[in-house]
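What follows is a set of notes on a single structure, which appears directly below.
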Amino acid sequence: MMNFEGLDPGLGEYTPGLHGGLEPGLDSSMDPRLDPALLQGVDLDPDALAVPVSESMHIVEGMYSELHSVAAEVGIPVTATHFDLQEELLWMGNHRGHASSFFGPTMGRYSSFQVHMTDDIRHIQSMDTGVLFLTKNNLKCLTRGGLIMFDYTTEEGADMHSLILTDNNTLLMGGLQNFVAELDLTTVQETQKFTVEVPGVAIMRQSNRFLFCGHTSGKVSLRDLRTFKMEHEFDAFSGSLSDFDVHGNLLAACGFSSRGLNGLSCDRFLMVYDLRMMRAITPLQVHVDPLFLRFIPTYTSRLAIISQTGQCQFCEPTGLANLADIFHVNTVGQLLMSFEVSSSKQALSFGDSGGCVHLWSSAPEVSFNSYSRETELALPCLVDSLPQLDWNHELMPLSLLPMPLTSTEPLLSDWPTSLIMPSPRRAPPVDPEILRTMKTVGFIGYAPNPRTRPRNQVPYKIKDTELEYDSYNQVPESPIGRDEEPHLYMVPKKYRKVTIKYSKLGLEDFDFKHYNRTLFAGLEPHIPNAYCNCMIQVLYFLEPVRCLVQNHLCQKEFCLACELGFLFHMLDLSRGDPCQASNFLRAFRTIPEASALGLILADSDEQTGKARLGRLIQSWNRFILAQLHQETLEQEGPQAYRGASSSTLGSSGESVIGRLFGCEVENSSLCRCGKETVRSSLTLLFTMHYPEQSSLDKKIEEYDFAEILKKSICLEQSTQAWCDNCEKYQPTVQTRNIRCLPDVLVINCEVNSVKEAEFWKAQTEYAYNKALKKEADEPPKPKEPLPTEWCLEEELCSVEGLTFDTQAEDMRHVWIPLSLKMCISKTQGLEISSLSEGEELTESEGAEGASVYDLVVTVSHIQDARTGGNLVVHIKVGETYHQRKEGVTHQQWYLFNDFLIEPIDKAESAQFDMNWKVPAVLYYVKRNYHPKYDLRIKNPIDASVLLTEASLARKQRKSHATFIPLMMSEMPQAADLVGLDAEFVTLNQEEAELRSDGTKSTIKPSQMSVARITCVRGQGPNEGVPFIDDYISTQEQVVDYLTQYSGIKPGDLDAKISSKHLTTLKSTYLKLRFLIDTGVRFVGHGLQKDFRVINLMVPKEQVIDTVYLFHMPRKRMISLRFLAWYFLDLNIQSETHDSIEDARTALQLYRKYSELSHNGGQEEFRKVLKALYEKGRKQDWKVPDIDSADGQGTAVFPSVMGL
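Residue numbers 1 to 1203, in the UniProt record's numbering, belong to the letters of the sequence shown in order.
Shown next, in the form of C-alpha cells:
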C-alpha cells in the first residue's frame, strides 16, 4: 500500500461529495448488505480474542462476507496484513513495529513478537523458511515463531515502502529514494541497485514479462525483469497513486487527482490499461472512493475496490459498476489502513486504524492456500497442575518429589557395584551368504550386500530362528510362482540399466573399462532424452549412413545430420572411452516435430520410469529416418553443399537415406462403388501387423515370421474413407504393394499390448517345440576338436579328448530368422521366405531378382520394475569397423547397453523372453549392398570457418571486439600452440542424496552448457592475442550463470540485449573441429572438462593440460590462480573469471614448464613441484593479496631453484 505520512491528515476524510453513496431515492433498508443495523454485529474484545460474526452477516455461497474480527492491539493502527503463502496463517504488522500471526479461519493467535522498536511495519512477505518484515530503513527475516534469521539495515537516508521477491533467493526493495536495491537472501548482501527516473517507488508488482513500479507521482513504469531498464510508462493520475494491480493483460490503478488550490482528491475513475497494446482502455467509474484494489480472478477477472471508510465494491474491469455489489466492512468508525487477498482467492483481510484485523471469506470453510503445509502447533500442557503433597504423611514415597537428574552423585536407590554386571545386547549372527562371498584383505573382510534386510533397519529382538530373507529378492524356482509375480524375473546383469557412480572427483575415478573391454565407444546415459542412445549406435554401424552424415555440412543451426556427423567423428576417434550425445540431443530438443510427436521426455518421466520406452523408440526410429531424409536431400545448384531442405517424403529430391531405406509403395483404395484410387509414395520403414484373435481363451495358431512380415508389408485393410464418386465416406478396401526392395529393411515390431506379447511368446514356444522335434528325428552331430588358434594356454591345448562344440549356440528359442529371401515376381508379387544363416541363392533365384537379407540389428525393451526399464541393442558389427578399431577382419554380434558393450552369440541377439525382454526394432540388410554407395569421407570443414563472421547480438559494436581474427597468413599448422579456455553456465542443478553416514552421493550431475570459448595465439609476434572469443547463444533456460566463476552475466547470451560477440554453438564448434583436424596442440587448465562439455573428442597428443603438468601423483590438483601467483607473480581471478586472461596464463605456465624441464631436467623439476606443494600447504592453497604480500610472487619461486 501507499504511505500517506507526507500528505495532509485531512485528506483521509473526504468531503461528502467525494464519498460513494446511494443513489437518490434509494433507502439503505432496501439492501440488507448495507443496513446499518446489521453492521453492528461485531464487538471488539480488548483481550484480542477472535469474535465470530453473527449468522445474519453471512450471505449466499460464493459472495464475500465477514467471517471473523480480531483486535490485536487496541488503538494501534494495523499498517500491513499478509496471507502466508506456505501455511494457513494470517500476518499483521502495526504502527509500533509489532507483528502477530493468526491460525486458520478461526483466527486463533499463533505467534506474536516485536520486529522494530519504533518504526512501523510497511510490508510483510512470507518465504519457505521464514517471514520478511520491511520497516523504514530495515529488513528483518524471522521464523514463524519469532527467531531472527537475519537483520539487514539499508543505507542512511533510505525510506523503504515496498519489496517483491523476484525468485527464491533475491528480492527488490523500493521507497521514496531514487533507486531500487536488489538483495541476495543467501548472502544477505546488496548485489546491485538501479536508478529510477521518477523517485518514489512505493508499490511493486511483477508478471512473466515486466516488473511494475508504482510511483508517488501517479505514474506506473514497466521494466525488464532481467536488466531493469524501463520499457514503458503509464501516466495514470495527476496527483498521486494509491494502489494498482496486474492480472493477465490488464493493469488497473486507482489514485488521487490534483484539484488546483483544493489539493488532492480521490479519483472515482479507475485507469485500466491493456498490456498487449500498451495503451489505456475505457476508465471504470466506481461508486466508492478507491484507496485499495486487487484482482480476484476466479471464474472472471473481478476487481475488489476498497475505500478508506470500509466500503467494498466488486466489479468487472471492462464492465459497469453495480450498486448491488457494494458491501461494508464493520470498522466501527475506524479507517482502513491495509488490504490483502489470499493466494486461493477465498479470503480477504482488512486492517484498520483501531488495531483490528477483519477476515472476509466466500465460504464458511476457507483455505488461505490451495496446498498449504502443516503448521507446527505448540504441544498442549498435559498436566494442569502438580498434585499437592502432604508433608505430614509418613508413608508418602520420596519418588513423588520432583528433583533434577544428576549423573555425578549416586542415588540412594542405586544398586551396589558388586551386584551389577554390564550385559551388552547379543550381536546378530552373520548372514551365511556374506561369509560365503567374503574376501579378506589384511584384517578387513568385504562382501557384496545380499540385500536380506531393509536398509538402515535392525530388529530390536534377535530371533533364534534362521534369518528370513526378503521375499522381493527371492526368485521362485517354480515357473508357476514366476507367472504370478512377473516382477520377480531375474534380468541378467548385463541387460540391466547402467548408471554412473559419481564421486567427489566426478567421473575421473569411474572405471568405464569394467563395462567395456572392446575398442568401440559407448554413450553416456545421464543426459536428458538419452533413451535414443541405442538407435544412435544403430545408425553409426550402418556404413553408408556414417559416411553420409560425416560428409554433410550445412548452415542450419540445429541440423540433426550435422550433429550426427560430429558425434560419429568422435565415435571413430574413441578407443573404448564413452562419448556423449549432448550436442545432438540439444539440437533434437529444438525440433518442433519431435516435440509434437511426444519424443521429448520430461526429467520426471525418465527418472520414474513412466515413459513407454518400447513405443517411444519406434516413434523415434520413424522420426529420425524421415528427418535425415529431408536434411540430406540432393539438389542441383550451389545450395546442395550448404544444406538443402525438403518438405515431404514424396518430393522429387533424392537422398542417400531414400536410396538406402526407401521403398516405393503403391497404395490403392477401392470403394464399394467400384472406383479405385492409386497413389505412390516413399516408405522408409514398415510396421508389423499381427493376426486378430477372436478371443483371449482361444489358442494362438502357429505362424511363420516371413508370412507375418509379408502381410505387414503388403497390407490389406478395410476402413472408412472419402469417395469423390459417392461424395461421402464409404467402406473402402485399402491395399499396399511395393515396387522395389530396399537395401535396408527396417521393421517396427509394435509389441505394445498384452495381445502382441502373448503372440510372440506363443510363436517362440512353437519354434522351441519344432526344434526339439527336429533334434529327435536327426542323429547328433559329432563334436569337432578345438582349433589351436582358439587356445589360450599350451597346457589347455595339450589335454587329450578336449573338443569344441561348433553348434553350441542354442537356436531353439529363436522365432525370427537370421536371414530372409525376398523377391518381387510379376505373378505372385512379393515373396518372403526364411533362410538358414550362410545359405546362398541358386542361379535361377538370382536371375529372378531375389535378394538375401541378413539380420544385423535387434532393439529390445528391457522391462525391469526396479529401475523403470531401459533400451538395449544387439548389433552385428561388420568387418570394416573391426579393421579400423582392432585391426582384424571378422564379424561379431555385440550388446550395446549405453556405455556397457559386450560380445554375444548370434542366438542371444534373436532370443526374446517376453517377460523382461521385448522386441522393438529389427534391421535386415541386403547382402553385399555396400558397392552401390560411396563410402569415402571427405572432411567438409575448411579454413573458411575461422574467417570473420557477423555477431548475432544486435547491440554488439566492432569497437568493443575482444579478439582479432586470423589472417590467411596466420592459419595454424600442425603442432602449433593454441591457448584455450571455456566458461559454462548451468541448465539444471545436480541431484544428490545425503547418506546416513553424512556423505553426499551424486545421483545426477548438473547439466552444463558452454557459454564462452576463447582461443589465443600460441606463437608469433601476436602471441597471446585472442583470435576466437565467442559467446554462445542458447535457447534453453539457464538456471545459474555462475557469474562468480564464469564471468557470464544475465543478458550476455541473449541476442536482443547482449553487447558481446554472440554466435551459435555450431559455428564455434566448427572452428575448434578445424583446429583439431589441422593438428594444433591446445594449452589450457582443466581442458578435459572443457572438451567434455563442448562435446569434442581431442587426441591426447594434442592436449597440453597445465593441471597435470604441475601435479604430483596422489596429490591434489592445483588451481590456475595459485600457479599463476607462484610461478608468474600474477594475481588473476580476484573478482571473477575471464577466459582470455585464463588462456594467456595457461600459455605462460606452459612456457615456464618448458623452461624448467629443459634447463634443470626432471630431477630439478621434481624439487620445484615439492616446493610448490609445501608452499601451498603453508598458504592453505589461498593466494595472498599481491600488494600486501611483500613480493611473495617472484620472491617465492627463485628460492627453490637452488635446492
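Idealized CB from N, CA, C, for every residue including glycine.
Span separating the alpha-carbon of residue i from that of residue j
i, j, result
"I600", "N529", "7 Å"
"D431", "S367", "53 Å"
"G878", "F541", "8 Å"
"Q1146", "N168", "In the sequence as displayed, the identity of residue 1146 is Ala instead of Gln. Spanning the two alpha carbons is a distance of roughly 37 Å."
"A721", "T735", "13 Å"
"E197", "N178", "7 Å"
"I420", "D414", "10 Å"
"R546", "T300", "58 Å"
"P903", "R1177", "49 Å"
"L548", "L977", "32 Å"
"T1034", "D1054", "8 Å"
"Q285", "D224", "31 Å"
"L519", "E983", "31 Å"
"L132", "T166", "14 Å"
"H123", "F83", "12 Å"
Same chain, Cβ closer than 7 Å to residue i, neighbours up to 5 away in sequence not counted
i, result
"C726", "C671, C673"
"E155", "none"
"K463", "Any reading at K463 must be qualified, since the residue scores a pLDDT of 44, below 50, and its modelled position is unreliable; the value itself is stated next. If we look at K463 and ignore the five residues flanking it on each side, it has no Cβ neighbours."
"S258", "S238, G239, L264"
"V491", "I862, D864, W916"
Proximity below 8 Å, CB of residue i to CB of residue j
i, j, result
"Q537", "F896", "yes"
"F623", "V744", "no"
"A920", "I617", "yes"
"P972", "L1070", "no"
"residue 1204", "L1072", "In this structure the chain extends from 1 to 1203, so residue 1204 is not present and cannot be described."
"L684", "L625", "yes"
"L360", "L379", "Checking the sequence, you will find Trp at residue 360 rather than Leu. No, the pair does not count as a contact, with Cβ atoms beyond the cut-off."
"M688", "I747", "yes"
"M296", "V341", "It is worth fixing the name first, because residue 296 is Ile in this sequence and not Met. The answer is yes: Cβ separation under 8 Å."
"L241", "G260", "no"
"V78", "M337", "yes"
"V201", "G218", "no"
"D1105", "H1137", "no"
"T948", "I1140", "no"
"Y853", "M811", "no"
Beta bridge counterpart(s) of residue i as assigned by DSSP
i, result
"W1127", "Per the sequence shown, the amino acid found at residue 1127 is Phe instead of Trp. Note: F1127 sits in no beta bridge, so no partner."
"T719", "T732"
"T195", "F179"
"P317", "The partner list for P317 (beta bridge, DSSP) is empty, contrary to what the question assumes."
6 Å CB neighbourhood of residue i in its chain, flanking five on each side removed
i, result
"F1091", "V1098"
"T962", "D1029"
"G25", "Below a pLDDT of 50, predicted positions are generally treated as unreliable, and G25, at 37, falls in that range; the measurement from the model is reported next regardless. Around G25: no qualifying Cβ."
"L818", "E837, L855"
"A181", "M173, E190, K193"
"C723", "C671, Q730"
"E707", "none"
"R96", "I76"
"M570", "C579, M1097"
"G801", "Unreliable placement is indicated for G801, whose pLDDT of 40 sits below 50; the coordinate value is still reported in the next sentence. Same-chain partners within the cutoff: there are none."
8 Å Cβ shell around residue i - same chain, five flanking residues per side excluded
i, result
"I824", "I738, R739, C740, L741, L830, E831, G849"
"C714", "T735, R736, N737, I738, G829, L830"
"K761", "M914"
"N1022", "I964, E970"
"F1027", "L946, F963, I964, P965, L966, E970, C1015, V1016, R1017"
Write down every uninterrupted run of the alpha helix (DSSP H) in the region 413-462 whose length is 4 residues or greater and which is fully enclosed by it, in chain order. 432-437
Going residue by residue through the region 1002-1049, where are the continuous beta strand (DSSP E) segments of at least 3 residues, counting only ones entirely within it? 1007-1017, 1026-1032
Considering only residues of the region 262-309, which uninterrupted beta strand (DSSP E) runs meet the minimum length of 3 residues and lie entirely inside it, listed in chain order? 264-266, 269-274, 292-297, 301-306
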